[in-house]
Each structure stands twice: as C-alpha cells, then as structure tokens.
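Colleague:
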Amino acid sequence: MKISKILLVTFLSATFLYSPAQTETPKGYKKGMLVLADNNTVSGSIKDNIHSHALVSIIPEAGGKKKNYHGSDLISAEIDGVKYLCIGGDFFRIISDGRLGFLQKSSDAQGRVVYNGNEPIFLNGTDGKPGDHYIYNSSSKQLKMVSKKNINEVTALVFAGNSAAIDKAKEVNGDVAQLKDAVEIYNSNN
Numbered sequence: 026m027k028i029s030k031i032l033l034v035t036f037l038s039a040t041f042l043y044s045p046a047q048t049e050t051p052k053g054y055k056k057g058m059l060v061l062a063d064n065n066t067v068s069g070s071i072k073d074n075i076h077s078h079a080l081v082s083i084i085p086e087a088g089g090k091k092k093n094y095h096g097s098d099l100i101s102a103e104i105d106g107v108k109y110l111c112i113g114g115d116f117f118r119i120i121s122d123g124r125l126g127f128l129q130k131s132s133d134a135q136g137r138v139v140y141n142g143n144e145p146i147f148l149n150g151t152d153g154k155p156g157d158h159y160i161y162n163s164s165s166k167q168l169k170m171v172s173k174k175n176i177n178e179v180t181a182l183v184f185a186g187n188s189a190a191i192d193k194a195k196e197v198n199g200d201v202a203q204l205k206d207a208v209e210i211y212n213s214n215n
C-alpha cells in the first residue's frame, strides 16, 4: 500500500512538472510554421538561425525531436508573425506579397554545406548580401535584385505597362526600401 502511494505521488508530481514544459515555448524559440519542399507543413517552436547559418530549428507541436531545416529544405517559413520565402537556399523576409513580392534577403547560403545522407552538397545561394532588396515574380519565379544603381532598369522591366507603379517607383529617389509602395500599387492594379 505504501509503495503504491509513493508511486502515485511520484507519477502525479512528474506529470505536473512536465506538463507546463509541453505548452510553453522553450527559451530562444518562437511559435511558427514551416512549409517543407514537399508542401507538407510543420508547426511548432522555431529557433531562428537564419542570419547566422541560413537555417531554422523546430520542435514540432505534434511531438518528436528537434530538427534543423536549411533554406534549401523549405518553401517558406513564418516565425512569430514574420514571413519568409526560401529561394536558392536563402531566406527572404516578405515585405509585400502578391503577384510581385518585395523581399529583403535575410541569409547568405552561398558556400554552405548540407548533406544528402553522407554526401556533402555545397549551396550556391543567391546573388547579393543580407539586407539587399528584391522583386520576386511569383508566376515566373524570377528574382530581381534592386539597388540604387539598377533601380530604374529593374522597375521599368517589372512594372512594364503599369504607369502608376512606374511613377511611384520614380519618386523613391534611390531609397530602394520605398519600392514597397510601388509593388503594392502594381499588385492592386493586376
């Protein structure tokens, strides 16, 4: 009788001590969701290592062990409300979304090594560096880097036929981050 009471108290104590750990987000992690390359989704607690290693770690809500995903393993990610699109192994923060997306590069996967079983694969990544801005055409899957040097050529090309978006792009005076408004005008008219 005494042994069964001790076991019951031990079991209940362990249950109460362990339960809060399952519902709370671990330190250094944020709630989020990943869309894998095969279009499956995984929700859980995500540790953002995008800027330093071009990867995220997730502890799935459904249970299981922590797993790392490189940008090349994913289509997209949402971490604490911030959305990312994964292209060429890199993570791009989505500033504006639609037929044209306005993105900011958040990682540099160039030269990173990922493994397919035991076989190392070197990622090429994408042009540019973290912080650079891009316009992404979701239907043609084309990514165009925009800089102060090429802003007029890129906007004339991607906004072709949309005079309101072209006019708005001319107003940015080299401040590439302000192209968000021109992209939104383009998306609202198309």
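Residues in the sequence shown are numbered consecutively from 26, following our numbering. Backbone N, C-alpha and C define an ideal beta-carbon position, used for all residues, glycine too. None of the values given here were measured: they were computed from a predicted structure.
#1: Is DSSP giving N64 helix, strand or coil here?
#2: Measuring alpha carbon to alpha carbon, tell me which of N214, K91, D133 ends up nearest N149.
#3: For the alpha helix (DSSP H) containing S188, list its first residue and its last residue.
#4: Are G96 and A79 close, meaning C-beta to C-beta below 8 angstroms?
#5: Could you have a look at D115 and say whether DSSP puts it in helix, strand or coil?
#6: What's the gap between the Cα of P85 and the Cα of K193?
#7: If you reduce the DSSP assignment to three classes, tell me which class S101 lands in.
#8: Taking the straight line between their C-alpha atoms, what separation do you get for I191 and Q203?
Modeller: On the basis of the supplied data:
#1: What you label residue 64 is simply residue 39 of the sequence shown in a count that begins at 1. Looking at N64 - three-state DSSP - the assignment turns out to be coil, as it is neither helix nor strand.
#2: Residue numbering aside, residue 149 sits at position 124 when the sequence shown is read from its first letter. It is D133.
#3: Looking up residue 188 in the sequence shown gives position 163. First-last of the alpha helix (DSSP H) with S188: 188-195.
#4: Within the sequence shown, numbered from 1, the residue matching residue 96 stands at position 71. Within the sequence shown, numbered from 1, the residue matching residue 79 stands at position 54. Yes. Within cutoff.
#5: Here residue 115 refers to the residue found at position 90 of the sequence shown. Note: D115 maps to strand in three-state DSSP.
#6: Numbered from 1 along the sequence shown, position 60 holds the residue referred to as residue 85. Numbered from 1 along the sequence shown, position 168 holds the residue referred to as residue 193. Cα-Cα distance, rounded: 43 angstroms.
#7: What you label residue 101 is simply residue 76 of the sequence shown in a count that begins at 1. S101 falls in the strand class under three-state DSSP.
#8: Mapped onto the sequence shown, residue 191 falls at position 166. Mapped onto the sequence shown, residue 203 falls at position 178. Cα to Cα, I191 sits roughly 13 angstroms from Q203.
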